[in-house]
Structure formats: C-alpha cells, structure tokens
Amino acid sequence: MGRTSIPELNEKYERGTPLTMLTAYDAPIARQVDSGGVDMILVGDSAGDNHLGYDGTLPVTLAEALSNTAAVDRAVEEAMVIGDMPFLSYGTSLEQSVENAGRFMKEAGADAVKLETAPYGETTIEIVSRLTELGVPVVGHIGLTPQRMKQIGGGYVQGRGDGSSATVEALVETAESLEAAGAFSIILEAVTEETGRRVTDAVDVPTIGIGAGRYVDGQVLVVTDVLGLSEESYRLSKQYADLNSVVHASVQSYVDEVRSGAFPAAEHVFDPVEEQE
C-alpha cells in the first residue's frame, strides 16, 4: 500500500467522505500522524512559530522548509505529503517558482506543494497553471493567508465584508480560478462559515477548512494545537491532548531521579562480562 493519491482523495470526495489533514514538521510526529490515519500531512510554514521558534511564518527559509519536508517524507508511508512553499520562494518569477516547487518533489519527497493566493492573485494562479502543466500537484490556499499578515494588518476573519477582509465574491472567484488553473484541492483558512459554504459550492475540487466551518469537504489543524504543545489556544482549533503537561512532568521526573541518584539504576548500566559476550 502506497501513499494516498489524488484519485483516491477524489474518490472519497465524490462519496462525501470528509477528508483529514494535519501538519507535521519532523519524523517522530509525522510517523504518529501517519499511523493515526490522516489522508494528508501538510509540512506547513506554520513550522515557523510551532517548530522553529520564530514569531511567525515569514522567517521560514526554503532550506528549512525542504529539510522539514524531507524529514516528514522519510517517516510517512500512507498519507500524502504536501510541502508548503514559504514566503517569497514563489512569485518573484515564474522560472524561480517552478524550480523551487520542483525541489520539494525532487529533493524532499513531497507528493504536492501548497501556495497561498491573495484574492484575484493572478501571479500565483499563473504559477499554479504552469506547475500543473509540468506535473506538480498543487493545493491552493485562500482566506486568511499568513504570509500576507503584514499587508492585511492582522489575523482578520475573511469574508465578513467589514473592510478588514476579502469579500465573499473575491474568495469565490479566486477559488474558481485556482480550480481552473489545476489546483486539486483548496485550503480555506479563517473564513465565515457561510463563506466556506459558498466557496465549496462553487468549485468541484475538495475544500479543506481551518476555521472555515462545517460545510467544507475536509479539515486541517496544526498538530501542536491538537496535541496540546502550543502556548496559545485558538477558537478555530481543538486540543485533543495535553502533551505540554506530559512532557513537563517527564522532564521533571528525570531531573529529580538524576539528582537523587535513582537514575541510572542497575538495569541501565552495562556489565563488563556482558559487553565481551
């Protein structure tokens, strides 16, 4: 049994089976996410603040993104692995965009790439079209696009029509353009539930929501939020475990045992005779 393919995703989509996606940034977590049965693993630029210690996604370099993706690729057997192209690794020129996208597949083992798209983002849509023509599968990403956070002025919910977000019509038309360009799926981030429904109804490819409500074709969350490893909680997410407490308690127990002399114990040391054997 190999990696989940686009035809397999489409079969689930046609049957109305909700699609599942989680992020992962390293091999140990990717192995567990994969064995848990998700359809897709996104090696997101969200690694910036969830894995690499940055304040956001913008500092993530292409080299870091490729390294993270390669680590995930080495651990995953069944889920589709999607490499997230970081800020300014695409868009500066068509040639450079294609070359960088190709590196995710040729060097890092990704099965597809993801690109954020601004409303009516003609440059990105052209890139999606070219990548599709060349055989690079692409996931689109609309709604709240973190790489544009400096431009839009914050993490505003999109589709509200309050002047701080893209209009519903702009998001629908952008999704339609991404589909026409060849994107096989579209992520919708932080949009109103009605916007999620409108976009989903407008396109014939799966929509994957993160804070996009209940009327999309699948869901994606950041794995550190799911596992309780994040320092903040978000309305769009749900914590399914509290690994912060587990890790803290484990480290504290280790420190206490080393200081007390309880570790290492006799069962943790090597006998000279046993070593010779």
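For what it's worth, this note's numbering labels the leading residue of the sequence shown as 26, then goes sequentially.
Don't be surprised by glycine CBs; every beta carbon is placed ideally from N, CA and C.
Note that this is a predicted model, so its numbers are computed, not measured.
Legend entry - Cβ-based neighbour list, E120, same chain, cut-off 7 Å, excluding 5 preceding and 5 following: none
Inset, instruction - Can you grab the Cα-Cα spacing for the pair H76 / L47, in whole Å? - result: 14 Å
Legend entry - Beta-carbon proximity list for G207, same chain, < 8 Å, skipping 5 on both sides: Excluding sequence positions up to five before and after G207, its CB lies within less than 8 Å of the CB of V153, S154, L156, T157, E158 and V163, all in the same chain and listed in chain order.
Legend entry - Residues near G116 in its chain [Cβ-Cβ closer than 8 Å; skip 5 each side]: S122, T148, T149 and I152
Inset, instruction - Examine the Cβ distances between the stretch 82-89 and the stretch 36-54 and report whether three or more of them are shorter than 8 Å. - result: no
Legend entry - Straight-line Cα distance separating Q57 from E201: 35 Å
Inset, instruction - Return the first residue and the last residue of the alpha helix (DSSP H) that L159 is part of. - result: Where L159 is concerned, the enclosing alpha helix (DSSP H) stretches over E147 to L159.
Legend entry - Rounded straight-line distance, which links the Cα of R284 to that of P106: It should be pointed out that residue 106 corresponds to Val in this sequence rather than to Pro. Cα to Cα, V106 sits roughly 43 Å from R284.
Legend entry - Continuous alpha helix (DSSP H) assignments of at least 4 residues falling wholly in the stretch 61-131: 72-75, 87-100 and 119-131
Inset, instruction - Note the first and the last residue of the continuous beta strand (DSSP E) segment covering L47. - result: L47 -> beta strand (DSSP E) spans L44 to T48.
Inset, instruction - Would you please state the rounded distance, in angstroms, between the beta carbons of L185 and E218? I believe it to be under 8 Å. - result: Sequence check: residue 185 is Arg here, not Leu. Going by Cβ atoms, the distance from R185 to E218 rounds to 11 Å, so no, they are not a contact pair.
Inset, instruction - Give me whichever residues DSSP pairs with L196 in a beta bridge. - result: For L196, which the question treats as bridged, DSSP gives no partner whatsoever.
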